[in-house]
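In short: position in the sequence shown from 1, add 10, done, that's my numbering. Just so it is clear, CB atoms sit at the ideal spot from N, CA and C, and this is done for glycine as well. Bear in mind the structure is a predicted one, so any value in this text is a computation, not a measurement. Written below as structure tokens is the structure these notes are about.
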Amino acid sequence: MRKWLFFAPLAIFLGVSVFLFTGLFSDPWTRDSALLNRPLPEFDLPDLMQPEQRWNRELLTGEPFLLSVWGVWCPTCKAQLGFMTELKEQGVKVVGLYYPLPVDPAFGDHFSLGQLQRDVQRELAYFGNPYQFNILDENRRLSLDLGVSGSPETFLVDANGKIRMHHVGDINPRVWRQKFEPAFEQLQQVGLAYQGAQP
């Protein structure tokens, strides 16, 4: 009657072992966004370099693009700038979503737009500038709505403003070729049809 109790520890051990074994070979950078196949969240944010220019979801529709979450404080972001600049030269539209580090006035921190603009200009001049423009997410509201946990993170958005792909980590030739390029080319064809249907 109680023979199953004898095997219970073995069953638990095997269950935990299988769970840990599968985790050993999983990709820690792979994390699907809950927003896949859903529209970009609503937002109204300033341009990083021209704050009088405001950006919203509707202004970004019409063609597929990469939404690249990044910051000058992020070394991996710098590492991807060169390759992403090559993508821009090949006709890939890249929009930057600048993800600032939090500031704490208690420690004398304060946000300086002028200093940030100078830092961004310097970094992009040195490493390459793939961005058509940069949206400043000073309070990280859009980033939070997107489920961003850090940077770099990249979203592939279609011509209708829907998120079609999400990647945590840098965009390099392998990631682009294996993950993004086929989907982007397909979305480009759909985007051309979308543009042709506009009055």
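| Query | Result |
| --- | --- |
| Reduced DSSP secondary structure (H/G/I, E/B, other) of Q198 | helix |
| Per DSSP, the bridge partner or partners of M94 | M94 pairs with nothing; no bridge assigned. |
| Cutoff 6 Å; reference Q63; Cβ partners in own chain excluding five residues on either side | D57 |
| DSSP state of S153 mapped onto helix, strand, coil | helix |
| Proximity winner among P110, E191, D180, relative to N144 (alpha-carbon distances) | P110 |
| The ligand GDP heavy atom lying under 7 Å from the CB of E191 | This structure does not include the ligand GDP; it has no bound ligands of any sort. |
| Three-state secondary structure assigned by DSSP to G138 | coil |
| N- and C-terminal bounds of the beta strand (DSSP E) containing L77 | 75-80 |
| Beta-carbon contacts of L45 that lie in its chain and below 6 Å, excluding the five residues immediately before and after | I173 |
| Beta-carbon gap between Y141 and G179 smaller than 8 Å | no |
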